[in-house]
Amino acid sequence: MAPVPPAKPTPSSLPAPKPPWWRDRRVVPWVVQAVVGLLVLLLIAFLLGNLIRNLTAAGLLLSWRWLQQPAGFDISESVIPFNAQLPYWRALAAGLVNTIRAVLVGLVGATLMGCLVGMASFSHNGLLRRLARVYVEVVRNIPLLLQLVFWYFVVFLTLPNGVAAIQLPGVVLAKSGLYIAGLGEGLRWMGPTLVNGVWQAPVRLSVEFGALLTGLIVYSGAFIAEVVRGGIAAVPKGQWEAASSLGLSWFATLRRIVLPQSLRVIVPGLNTQYISLAKNSSLAVAVGYTDLYSVAETTLNQTGRAVEVILVLLAAYLTLDLLISALMNGLNHLVQIRER
Amino acid sequence: MKRLLRRLRAELFATRTDAVLSVVLISLISLAAFGVLRWAFTQAQWAVIRVNSTLFAVGRYPVEQQWRVWLLTALLVAASGATWGLLRAHPRPDRTGVLWPRNDRIAATLLVVLGLWRPWAMGLTVSIQARWWGLVALLLLVRWLAGRFGRRFGPTGLRLVALMWPVLYLVGMVLISGGLGLVTVSPSEWGGLMLTLLASSFAILLCFPIGVLLALGRRSDLPLLRWGSVLYIEFIRGAPLITLLFLGQNILGFLLPGGLAPERVWRAAWVLTFFAAAYLAEAVRSGLAAVPQGQLEAARSLGLSHPKALQHVVLPQALRVALPAMVGQFISLLQDTTLLSLIGLLELLGTARTVMANPAFLGRNGEVYLTLAVLFWGCCAALGLGSRALERRLDPHAVPTAT
């Protein structure tokens with residue numbers, strides 16, 4: 001630390017001399033802000049000027065009329081009806097719906113996975129505890145994209161078809177898709193059945209969707225498990241001991257005593273993880289699932305409308321994030337301790 | 001033996017439920033392990049890795065220029081050895097100065113085994129095997145020298161280490177890209193692990209100052225700086241990285257005057273940098289929040305100017321608190337470089353995709369992805385370990401213990 005120069009002795013009867021303006025505490029902040037603001041404005045003006053000049057030269061000035069033109073490409077699994085004759089905006093909407101579908105199912109799955117693993121790391125069983133640690137340490141240190149392509153190319157695309165498909169109770173995993181039992185025609189419960197070598201079931205998911213979901217759930221599950229673990233660890237140990245001395249079992253203690261108290265630590269952490277799951281769903285393009293990003297990329301390649309497409313993408317993801325944040329903030333409000 | 005049994009019983013078979021659970025888990029784990037091992041030794045064809053090892057390491061870097069990469073690797077190895085040795089010569093406060101603690105002996109053995117066995121097992125040519133052996137020998141030699149004689153230089157030694165790495169980084173950039181009398185190798189010819197490490201180290205180095213400035217801006221009293229930083233951070237954090245990379249590839253050309261837009265690799269590296277800066281800013285902000293307000297006030301009342309007080313008093317404490325979160329960001333940045341493959345750059349994953357597009361290696365996904373996973377896991381785990389060691393070294397409350 002630099003030695004502090006001794007203050008000059010000033011006669012206390014005289015008022016302190018007015019400092020020059022460049023050392024005046026009331027002026028300097030405004031000068032700094034004005035300079036920074038001016039620089040930022042200049043930068044923005046420079047970039048925008050270039051943008052407009054270059055776009056005009058390329059004949060691509062901002063316009064939204066192309067949204068009405070027929071898309072000309074098909075979307076393999078769209079929840080809302082779609083075909084190649086429908087306009088671009090319908091394609092983007094179908095992509096957005098697909099993204100939301102993946103995010104919703106992913107959120108539920110990852111939360112379940114994370115809670116189970118987070119709870120397992122407090123088990124009495126040493127093996128289970130270590131297994132939970134190993135899962136978290138392995139999954140967190142491998143890129144999500146790598147995990148996604150692994151699930152898709154190594155696991156889901158090598159599934160057998162027809163009779164050889166993996167049959168679990170109510171679920172059949174085949175290369176042609178995932179077949180899940182559900183309410184079929186006439187509201188009757190129907191399991192997957194093999195008709196002429198082709199599986200049929202009330203619910204059919206594509207392998208692309210399956211791979212994306214598995215990847216997202218396994219990856220986000222590890223992060224959520226850490227959040228849950230932190231939340232449970234934040235509950236004082238005395239709570240565990242008090243509950244078990246009252247005769248509650250391990251699971252009952254966790255469910256009735258510890259988890260409710262840890263929620264106020266867990267929920268803010270979950271918010272971050274949910275938002276990153278929503279953003280990570282854009283990696284679906286690597287496994288061939290047509291989400292919003294994938295549709296946007298195709299649209300850009302066909303129309304060359306880079307700026308508009310990017311604006312749509314950014315607006316859609318920002319809205320999704322804000323929506324999740326708002327919901328989680330509401331939830332956070334509910335679980336906070338209310339003191340009388 | 002008896003103690004082991006007793007411990008096993010307490011950990012795995014304490015109650016009936018526990019016992020059932022343990023038996024189920026043990027059988028599941030052994031089944032999985034057996035399946036993986038059987039696949040790895042009987043069905044997997046590791047030729048895809050052996051044949052393409054150069055591609056995975058450096059991509060399409062010209063063969064006659066690859067000596068530069070070897071030279072850089074040797075320099076890096078020597079620098080790592082020197083750093084390792086010097087750190088042991090100046091032990092951290094909670095340790096007594098043992099030159100070869102147990103962890104180091106394990107690490108050294110592991111390195112020797114890996115360095116001797118791996119190149120041989122991969123069936124590399126003799127000259128390349130010899131190079132790897134030479135590198136391991138160099139590492140251990142420099143480590144020994146620095147550990148043995150490092151204390152003679154006093155604390156200057158450690159300061160030299162801090163200076164050595166940035167210099168080495170610049171030297172490495174020149175070695176890889178050319179210039180100063182070396183043939184230029186265009187970034188489009190970089191690839192594989194080299195590109196992954198280059199892009200991530202570039203972004204890690206540059207996002208740090210930007211992130212710190214943004215964090216300070218976000219906590220500043222000046223409304224314009226504060227709102228500007230908030231806007232930037234929240235905008236970047238709201239968008240998926242892939243859309244930002246996409247923006248960099250497709251729109252940066254429009255934003256800059258014709259011909260000024262950098263090469264595709266550099267564009268991606270800059271996007272990574274600005275992306276990581278926003279996340280780093282949040283990590284640093286949490287560190288700043290942990291420093292009591294009184295620290296700044298005390299420094300100011302001692303006569304330090306505001307920037308000086310931040311630089312000498314507040315930031316050192318804040319960064320120490322923020323270190324784990326920052327390294328977490330660096331780890332996810334390293335992982336995020338895989339996204340470059342989605343915009344057509346040939347980093348590790350991109351190289352893997354081109355390799356598997358080759359009909360000779362069709363369907364060898366498992367082998368390739370498993371190798372990449374091990375590589376990434378190793379790099380990320382090493383970063384995490386390093387961060388924990390650094391944390392303990394910087395801990396002001398560490399008590400010397402006899403270890």
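Those protein sequences? They're chains A and B, same order as listed.
In case it helps, my numbering puts the first sequence at residues 1 to 340.
In case it helps, my numbering puts the second sequence at residues 1 to 403.
Using N, Cα and C, we set each Cβ at its ideal position, and we do this for glycine too.
Once DSSP output is grouped into helix, strand and coil, what is the label at residue i?
{"i": "E423 of chain B", "result": "Given that chain B is displayed from residue 1 to residue 403, the structure contains no residue 423 of chain B and the question cannot be resolved."}
{"i": "Y169 of chain B", "result": "helix"}
{"i": "Q85 of chain A", "result": "coil"}
{"i": "M190 of chain A", "result": "strand"}
{"i": "V138 of chain A", "result": "helix"}
{"i": "L173 of chain A", "result": "strand"}
{"i": "Q336 of chain A", "result": "coil"}
{"i": "Y61 of chain B", "result": "coil"}
{"i": "L182 of chain B", "result": "strand"}
{"i": "G182 of chain A", "result": "strand"}
{"i": "Q167 of chain A", "result": "strand"}
{"i": "Q69 of chain A", "result": "coil"}
{"i": "L205 of chain A", "result": "strand"}
{"i": "Q200 of chain A", "result": "strand"}
{"i": "V195 of chain A", "result": "strand"}
{"i": "V79 of chain A", "result": "coil"}
{"i": "T125 of chain B", "result": "coil"}
How about residue i: is its C-beta nearer than 9 Å to some C-beta of chain A?
{"i": "T243 of chain B", "result": "yes"}
{"i": "A373 of chain B", "result": "yes"}
{"i": "Y369 of chain B", "result": "yes"}
{"i": "L345 of chain B", "result": "no"}
{"i": "L111 of chain B", "result": "no"}
{"i": "W100 of chain B", "result": "no"}
{"i": "Q45 of chain B", "result": "no"}
{"i": "N365 of chain B", "result": "yes"}
{"i": "G154 of chain B", "result": "no"}
{"i": "F246 of chain B", "result": "yes"}
{"i": "G172 of chain B", "result": "no"}
{"i": "P240 of chain B", "result": "yes"}
Does the beta carbon of residue i come closer than 9 Å to any beta carbon on chain B?
{"i": "N98 of chain A", "result": "no"}
{"i": "P20 of chain A", "result": "no"}
{"i": "R140 of chain A", "result": "yes"}
{"i": "M1 of chain A", "result": "Residue confidence for M1 of chain A is low, a pLDDT of 47 falling below 50, so the modelled location carries little weight and cannot support an answer."}
{"i": "Q336 of chain A", "result": "no"}
{"i": "A306 of chain A", "result": "yes"}
{"i": "S244 of chain A", "result": "no"}
{"i": "P143 of chain A", "result": "yes"}
{"i": "L283 of chain A", "result": "yes"}
Measure the alpha-carbon distance for residue i versus residue j and round it to whole angstroms.
{"i": "R3 of chain B", "j": "R9 of chain B", "result": "10 Å"}
{"i": "P143 of chain A", "j": "P324 of chain B", "result": "19 Å"}
{"i": "G118 of chain A", "j": "V58 of chain B", "result": "40 Å"}
{"i": "W151 of chain A", "j": "G215 of chain A", "result": "7 Å"}
{"i": "V265 of chain B", "j": "M122 of chain B", "result": "30 Å"}
{"i": "W100 of chain B", "j": "V171 of chain A", "result": "56 Å"}
{"i": "Q43 of chain B", "j": "V285 of chain A", "result": "30 Å"}
{"i": "L148 of chain A", "j": "M113 of chain A", "result": "17 Å"}
{"i": "N54 of chain A", "j": "R305 of chain A", "result": "13 Å"}
{"i": "R148 of chain B", "j": "R393 of chain B", "result": "20 Å"}
{"i": "G238 of chain B", "j": "I106 of chain B", "result": "43 Å"}
Flag residue i as yes when its Cβ comes closer than 8 Å to any non-hydrogen atom of the ligand ZN, and as no otherwise.
{"i": "T54 of chain B", "result": "The model on display carries no ligand, and the ligand ZN is accordingly not part of it."}
*asked:* Against chain A, which members of the region 248-260 of chain B pass a CB distance test of less than 8 Å?
replied: N250, I251, G253, F254, L255, L256, P257, G258
*Taking only beta carbons into account, state which residues of the region 123-151 of chain B come closer than 7 Å to chain A, listed in chain order.*
none
*Within 8 Å of chain A by C-beta, residues of the region 201-232 of chain B in sequence order*: D221, L222, P223, L224, L225, G228
*Are the region 291-307 of chain B and the region 233-244 of chain B touching by the rule of at least three beta carbon pairs closer than 8 Å?*
no
*Does the region 157-169 of chain B come close enough to the region 320-337 of chain B to have 3 or more Cβ pairs within less than 8 Å?*
no
*Contact list for the region 296-325 of chain B against chain A, Cβ threshold 9 Å*: A299, L302, G303, L304, K308, H312, V313
*Touching by the beta-carbon criterion (3+ pairs, under 8 Å), the region 261-272 of chain A and the region 327-337 of chain A*: yes
*Stretch pair the region 198-218 of chain A + the region 230-246 of chain A: three plus CB contacts closer than 8 Å*: no
*Between the region 45-67 of chain A and chain B, which residues of the former have CB atoms less than 7 Å from a CB of the latter, in chain order?*
L47, N50, L51, N54, L55
*asked:* Beta carbons nearer than 7 Å to chain A: which residues of the region 3-23 of chain B have them?
replied: E11, L12, A14, D18, L21, S22
*Members of the region 96-129 of chain A that neighbour chain B once the beta carbon cut-off is set at 9 Å*: S123, H124, N125, G126, L127, L128, R129
*Determine which residues of the region 23-34 of chain A have a Cβ less than 9 Å from any Cβ of chain B, and write them out in chain order.*
P29, W30, V32, Q33, A34
*the region 179-203 of chain B: positions lying closer than 8 Å to chain A by Cβ*: none
*Quick one, which residues of the region 298-325 of chain A are near chain B if we go by CB-CB under 7 Å, in chain order?*
L300, A306, V307, I310, L313, L314, Y317, L318, D321
*What residues in the region 245-260 of chain A bring their beta carbon closer than 7 Å to a beta carbon of chain B?*
none
_Would the region 61-73 of chain A count as touching the region 287-303 of chain A if we require 3 or more Cβ pairs under 8 Å?_
yes
_Along the region 156-188 of chain A, where does the CB come closer than 7 Å to a CB of chain B? Name the residues._
none
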